[in-house]
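Asks:
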Amino acid sequence: MSLKSNLHNLKEKYKGKKMAPAFNAIHTFLYAPNETTHSGSHVRVVDDLKRTMNTVIMALVPVLLFGIFNAGYQHYAAVDAANGVIRQASIFGNFLTWENFIMGAWTVLPLVIVSYAVGLAVEFLFAVIKGHEVEEGYLVTGMLVPLIVPIDTPLWMLAVAVVFGVVIGKEVFGGTGMNILNPALTIRAFLFFAYPTWMSGDKVWVHQAVDLAGGPDAISGETILGYLAQGKGAEMSYSVADMFFGFIPGSVGETSTILILLGGLFLIFSKIASWRIMVSAVAGALVMGLIFNGVVDAGWITETSKFYGLMSFAFWQHLIVGGLAFGIVYMATDPVTGAQTNRGKWVYGFFIGFISVLIRVFNPAYPEGVFLAILLMNVFAPTIDHYVIRGNINRRLKRAKNATILPKDSEGKTQELKAETV
Amino acid sequence: MSKDIRIKKGLNINLIGEAEKTTSKAVLSNVYAINLQDFHGITPKLLVKQGAEVKAGEPLFYNKNVEDMLFVSPVSGELVEVVRGARRKILTLKILADKSQEFVSHTPLSPKSSKAEDIKALLLKSGCWPFIKQRPYDIIANPKVTPKAIFVSAYVTSPMAADLDYALKGKEKEIQAAMTVLGKLTPGKVHVSVGKGGQSIFTKMEDVEIHNVSGPHPAGLVGTQINKIDPINKGEVVWTITPQDLVIIGELVLTGRYNPERVVALVGSSVKAPKYYTTKIGSEVSTFLYASGVNTENFRVINGDVLTGSKTKPDGYLGYYNNTVSVIPEGDDYELFGWNKPVFNKVSTTRAMTFSWLQPKKKYDLDTNTNGEHRAFVVTGLYEEVFPMDIYPLQLLKACMVKDLDEMEQLGLYEVAPEDFSLTEFICISKQPHQQIIREGLDLLYKEIG
Chain A
1 MSLKSNLHNL
11 KEKYKGKKMA
21 PAFNAIHTFL
31 YAPNETTHSG
41 SHVRVVDDLK
51 RTMNTVIMAL
61 VPVLLFGIFN
71 AGYQHYAAVD
81 AANGVIRQAS
91 IFGNFLTWEN
101 FIMGAWTVLP
111 LVIVSYAVGL
121 AVEFLFAVIK
131 GHEVEEGYLV
141 TGMLVPLIVP
151 IDTPLWMLAV
161 AVVFGVVIGK
171 EVFGGTGMNI
181 LNPALTIRAF
191 LFFAYPTWMS
201 GDKVWVHQAV
211 DLAGGPDAIS
221 GETILGYLAQ
231 GKGAEMSYSV
241 ADMFFGFIPG
251 SVGETSTILI
261 LLGGLFLIFS
271 KIASWRIMVS
281 AVAGALVMGL
291 IFNGVVDAGW
301 ITETSKFYGL
311 MSFAFWQHLI
321 VGGLAFGIVY
331 MATDPVTGAQ
341 TNRGKWVYGF
351 FIGFISVLIR
361 VFNPAYPEGV
371 FLAILLMNVF
381 APTIDHYVIR
391 GNINRRLKRA
401 KNATILPKDS
411 EGKTQELKAE
421 TV
Chain B
1 MSKDIRIKKG
11 LNINLIGEAE
21 KTTSKAVLSN
31 VYAINLQDFH
41 GITPKLLVKQ
51 GAEVKAGEPL
61 FYNKNVEDML
71 FVSPVSGELV
81 EVVRGARRKI
91 LTLKILADKS
101 QEFVSHTPLS
111 PKSSKAEDIK
121 ALLLKSGCWP
131 FIKQRPYDII
141 ANPKVTPKAI
151 FVSAYVTSPM
161 AADLDYALKG
171 KEKEIQAAMT
181 VLGKLTPGKV
191 HVSVGKGGQS
201 IFTKMEDVEI
211 HNVSGPHPAG
221 LVGTQINKID
231 PINKGEVVWT
241 ITPQDLVIIG
251 ELVLTGRYNP
261 ERVVALVGSS
271 VKAPKYYTTK
281 IGSEVSTFLY
291 ASGVNTENFR
301 VINGDVLTGS
311 KTKPDGYLGY
321 YNNTVSVIPE
331 GDDYELFGWN
341 KPVFNKVSTT
351 RAMTFSWLQP
361 KKKYDLDTNT
371 NGEHRAFVVT
381 GLYEEVFPMD
391 IYPLQLLKAC
401 MVKDLDEMEQ
411 LGLYEVAPED
421 FSLTEFICIS
431 KQPHQQIIRE
441 GLDLLYKEIG
């Protein structure tokens with residue numbers, strides 16, 4: 001008996017039982033199911049939700065790998081900096097090293113494992129209780145979560161946040177496909193508001209910066225946006241290339257704009273993510289950045305203002321620091337929580353970029369706004385769609401004014417056809 | 001006069017097993033069957049008892065809701081079996097054919113000079129009326145309602161469907177007669193769509209408005225054409241009829257006889273020699289299926305094309321409206337890592353490790369596997385790429401699922417039939433039953449609003 005037929009027999013045995021969804025979830029990972037079409041089209045395309053989600057994960061893997069190396073690199077760079085040595089990042093020289101990888105893997109992989117284990121456990125639990133199949137939504141969420149949190153987030157905190165995000169952000173609405181807010185960002189928002197000291201400040205972005213704080217070996221963990229928000233932009237030693245390639249502190253996966261860009265292109269090419277949202281979000285961010293630059297150039301805001309640092313930051317550089325690029329490519333394009341009409345996507349994306357930069361500049365406590373902007377637009381996405389669809393409905397109503405409605409015939413002379421029923 | 005319609009959105013599905021252009025006469029069937037599932041929404045009342053002798057064209061039952069609507073026997077013989085389902089619902093009527101055929105004769109009409117009343121009466125009593133379908137609701141037309149226009153699609157884009165220009169060759173006279181009489185039943189026009197640049201027999205027809213259609217599937221579906229030519233508004237009714245059924249109506253008008261003979265394409269990758277057969281409505285599929293031969297044990301026989309047809313068995317019967325019988329392999333097997341490995345031999349509209357975009361002309365051998373499990377709607381924006389109507393498909397489907405009558409109406413449910421959603425169903429990543437959702441939505445709307 002082969003594995004295939006053994007599994008098939010097991011599936012038949014568990015059919016209708018409580019644990020069937022849990023078994024099927026694992027079974028279908030190994031084998032595409034033997035299900036055939038019952039109604040409607042007899043043939044179907046090869047794509048299913050697993051493949052779609054898997055494609056997004058593939059686009060995230062390079063970012064995760066980079067995040068692992070960068071976690072190690074930033075730690076050692078900060079240690080060097082504390083000793084007065086300024087490092088120049090070089091990919092093969094001091095970035096892709098075993099030292100960095102081991103340090104990074106040791107800190108990042110536990111985040112990934114906890115995120116998946118806790119999140120999938122909740123998903124399985126709900127699938128078994130509600131008796132539906134385990135949907136694949138969490139495959140992507142589980143990968144996104146470790147990439148958008150600070151490196152030293154305690155694992156218990158992450159676990160609590162994941163439970164909150166999956167239950168309140170998704171399952172109470174009916175599970176995958178029904179949620180209003182992006183689950184990964186709900187988790188991020190929960191962490192941010194529940195444990196603010198762990199989520200912001202100048203220590204959390206580099207491994208061990210918090211542990212060493214106050215001691216003789218204290219290291220810095222400040223992000224570029226943090227420097228700018230405090231008006232210390234001049235103290236930074238990061239070049240534009242560092243920002244673009246990602247050799248900067250930040251959340252685990254958000255730093256490397258080039259890899260995010262490649263991932264985004266891959267998602268657009270594979271038609272999994274909406275290019276409309278990505279393009280318009282970039283446009284929105286650039287417009288807002290230009291407005292702020294214009295305000296500074298006009299002299300309305302002077303160097304004494306606490307907003308000067310971020311407002312005077314070159315408009316296009318907003319795209320390569322912080323989580324903006326990551327948010328636009330991987331989070332704003334979530335089809336469930338985003339706008340669903342093509343026109344709506346333009347508006348939705350534009351405002352994500354626009355509001356992200358707005359919050360970034362005007363938020364005194366925490367100089368980043370992408371996750372708040374996306375969550376805000378998640379809430380407004382149905383409204384945007386409503387107005388787009390209204391346009392279609394109005395067109396139909398207008399057309400209906402000229403409808404040719406013909407009267408029903410009077411009773412015809414066809415009675416003789418009526419026959420006796422047997 | 002002719003007008004051009006160019007459809008850009010859509011998808012042609014190229015499959016192995018198109019019919020070769022040769023026609024054979026199928027072996028005469030012993031038993032003929034009328035399958036009542038073909039007539040959606042009627043309540044049948046039998047007119048003859050089991051065991052009764054009927055002539056070809058003699059009424060078997062009528063529709064309780066519209067009592068003039070008669071359904072007749074395709075052949076003369078004995079009504080040997082009335083197959084009933086749950087709650088004694090009639091499913092199938094089986095007629096054992098006589099050796100010598102007797103026909104019911106009606107008085108022929110002269111197409112040009114006939115009156116609308118006479119035409120309607122003839123179509124109703126001869127049993128040809130059920131060929132006429134109406135929108136909204138995609139049901140057999142209500143004879144009491146005058147349609148604003150009649151639409152006929154002679155442009156075929158469905159995968160492996162019968163080539164009408166070939167199958168209807170030599171039937172120009174009948175089709176013309178049918179067009180002329182049908183034109184008298186509407187104050188509007190009879191719109192006929194033909195493939196642009198093709199040699200369609202319809203291009204020379206009189207009393208019709210010709211539209212030259214080009215573009216990928218679903219450009220050939222009549223719903224798409226209605227939406228582009230003269231969309232249906234609330235309260236309006238249009239009729240649709242297929243070209244192969246025009247032949248039967250035309251012959252009735254000219255000769256007074258109901259002759260359900262039809263050229264049927266037997267297609268699909270499981271057929272050894274796919275080609276055309278001349279047969280009758282209700283014939284056993286096996287009368288021509290095994291003449292062409294099958295090359296696998298595990299196959300599915302479909303009355304109609306692979307996107308909209310209904311499942312039947314090798315010992316099933318040719319459907320009332322079908323001129324294509326598709327036979328494709330069943331896909332009831334598991335596939336190791338089917339969800340993540342690169343795929344070259346199946347169709348996909350994305351490029352997520354699927355490579356059908358590399359070879360748009362390649363012909364595929366698809367089976368009936370769903371390639372995944374049923375999920376909630378997640379992905380957006382893909383349906384719109386293959387849905388050329390001015391309608392939001394995802395939103396309309398959701399309105400039907402939550403039974404929101406206002407939304408269904410506003411989003412354009414009156415304009416669609418289940419078949420218009422066959423392509424979105426084909427590409428659906430969540431494997432949702434689109435056609436079933438739309439059918440149930442239409443039924444609900446019909447029940448509540450009528």
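Each protein sequence line maps, in turn, to chains A and B. Numbered by UniProt numbering, the letters in the first sequence go through residues 1 to 422 in order. Numbered by UniProt numbering, the letters in the second sequence go through residues 1 to 450 in order. C-beta: ideal position from N, C-alpha, C; glycine also.
Could you pull out every residue in the same chain whose Cβ sits closer than 6 Å to the Cβ of B/Tyr446, ignoring the five residues on either side in sequence?
Replies: Tyr137
Asks: Express the C-alpha separation of B/Ile226 and A/Leu228 in angstroms, rounding to a whole number.
Replies: 60 Å
Asks: Runs of 4 residues minimum, wholly inside the segment 71 to 159 of chain A: which ones carry the alpha helix (DSSP H) assignment?
Replies: 98 to 130, 137 to 147
Asks: What would DSSP say about B/Ile139, mapped onto helix, strand or coil?
Replies: strand
Asks: Output, in chain order, the set of chain B residues within a Cβ distance shorter than 7 Å of A/Val85.
Replies: Those do not exist, as A/Val85 stays about 45 Å from chain B at its closest Cβ, beyond 7 Å.
Asks: Measuring straight from C-alpha to C-alpha, what distance separates B/Thr349 and A/Phe380?
Replies: 29 Å
Asks: Given that A/Ile389 touches chain B, what residues does it touch there, using C-beta distances under 7 Å?
Replies: Tyr392, Gln395
Asks: Is the CB of A/Lys170 under 9 Å away from at least one CB in chain B?
Replies: no
Asks: Given B/Tyr62, which residues of its chain have a CB within under 8 Å of its CB, disregarding the five upstream and five downstream residues?
Replies: Pro44, Lys45, Leu47, Asp68, Met69, Leu70, Phe71
Asks: With 9 Å as the threshold, decide whether the Cβ of B/Gly309 is near any Cβ in chain A.
Replies: yes
Asks: Grab me the residues of B/Trp339's own chain with a C-beta within less than 8 Å of its C-beta, minus the 5 sequence neighbours each way, in chain order.
Replies: Gly372
Asks: Shortest alpha-carbon distance to A/Val252 belongs to which of A/Met199, A/Thr302, A/Ala273, A/Val122?
Replies: Of the candidates A/Met199, A/Thr302, A/Ala273, A/Val122, A/Met199 places its Cα closest to the Cα of A/Val252.
Asks: Give me the Cα-Cα distance between A/Pro150 and B/Lys9, rounded to the nearest whole angstrom.
Replies: 45 Å
Asks: Does the segment 255 to 275 of chain B come into contact with the segment 284 to 304 of chain B, if we say contact requires no fewer than three beta-carbon pairs (one atom in each stretch) closer than 8 Å?
Replies: yes
Asks: Note down, one range per segment and in chain order, each beta strand (DSSP E) of at least 3 residues found wholly within the segment 232 to 298 of chain B.
Replies: 238 to 240, 261 to 267, 275 to 280
Asks: With 8 Å as the limit, tell me which residues of the segment 362 to 390 of chain B have their beta carbon closer than that to any beta carbon of chain A; keep them in chain order.
Replies: Leu366, Asp367, Thr368, Asn369, Thr370, Asn371, Gly372, Glu373, His374, Arg375, Ala376, Phe377, Val378, Val379, Thr380, Gly381, Leu382, Glu384, Asp390
Asks: Mind listing which residues of the segment 231 to 265 of chain B have their C-beta closer than 8 Å to chain A's C-betas, in chain order?
Replies: Identification of residues in the segment 231 to 265 of chain B having a C-beta nearer than 8 Å to some C-beta of chain A yields Pro231, Asn233, Lys234, Gly235, Glu236, Val237, given in sequence order.
Asks: How should B/Gln435 be labelled, buried or exposed, when 16 other C-beta atoms within 10 angstroms of its C-beta is the threshold for buried?
Replies: When all chains shown are included, B/Gln435 counts as buried.
Asks: Going by the CB atoms, is the gap between B/Leu266 and residue 502 of chain B shorter than 9 Å?
Replies: A query on residue 502 of chain B cannot be resolved here, the shown segment of chain B reaching from 1 to 450 and no further.
Asks: Using C-beta distances below 7 Å, list every residue in its chain close to B/Ser422, excluding the 5 sequence neighbours before and after it, in chain order.
Replies: Leu307, Thr308, Gln435
Asks: Please report how far the alpha carbon of B/Gly85 lies from the alpha carbon of B/Glu419, in whole angstroms.
Replies: Counting only the Cα atoms, B/Glu419 lies some 26 Å from B/Gly85.
Asks: Rounded to whole angstroms, what's the CA-CA distance from B/Glu81 to B/Leu91? Just pull it up for me.
Replies: 11 Å
Asks: Give, in chain order, every unbroken run of the alpha helix (DSSP H) that is at least 4 residues long and sits entirely within the segment 301 to 354 of chain B.
Replies: none
Asks: State the DSSP-derived secondary structure class of A/Ala32, mapped to helix, strand or coil.
Replies: strand
Asks: Taking A/Phe269 as the reference, which of A/Val329, A/Arg396, A/Ala32 has the closest Cα?
Replies: A/Val329
Asks: How would you write the range of the beta strand (DSSP E) that A/Asn9 sits in, first residue to last?
Replies: Note, A/Asn9: premise wrong, no beta strand (DSSP E); alpha helix (DSSP H) at 3 to 14.
Asks: Just list the residues that DSSP pairs A/Gly299 with in beta bridges.
Replies: The secondary-structure analysis by DSSP pairs A/Gly299 with nothing; it has no beta-bridge partner.
Asks: For B/Pro59, write down the residues that DSSP places opposite it in a beta bridge.
Replies: B/Val72
Asks: Name, going along the chain, the residues of the segment 231 to 257 of chain A whose beta-carbon falls closer than 7 Å to a beta-carbon of chain B.
Replies: none
Asks: Relative to the alpha-carbon of A/Gly289, which residue among A/Ala314, A/Ile374, A/Gly72, A/Thr304 has its alpha-carbon at the smallest distance?
Replies: A/Ala314
Asks: Using beta carbons (cut-off 9 Å, strictly below), is B/Ile140 in contact with chain A?
Replies: no
Asks: Could you list which residues in chain B have their beta carbon closer than 7 Å to that of A/Phe269, in chain order?
Replies: Arg351
Asks: Rounded to the nearest angstrom, how far is the Cβ of B/Ile429 from that of A/Asp47, given a contact under 8 Å?
Replies: 5 Å
Asks: Look at the alpha carbon of A/Leu7 and the alpha carbon of B/Asn298, and state the distance between them as a whole number of angstroms.
Replies: 22 Å
Asks: Against chain A, does B/Gly188 count as a neighbour if the rule is that its beta carbon must be under 9 Å from one of theirs?
Replies: yes
Asks: Using a Cβ cut-off of 8 Å, which residues of the segment 317 to 350 of chain B contact any Cβ in chain A, in chain order?
Replies: Ser326, Ile328, Glu330, Gly331, Asp332, Asp333, Tyr334, Glu335, Leu336, Phe337, Gly338, Trp339, Asn340, Val343, Lys346, Val347, Ser348, Thr349, Thr350
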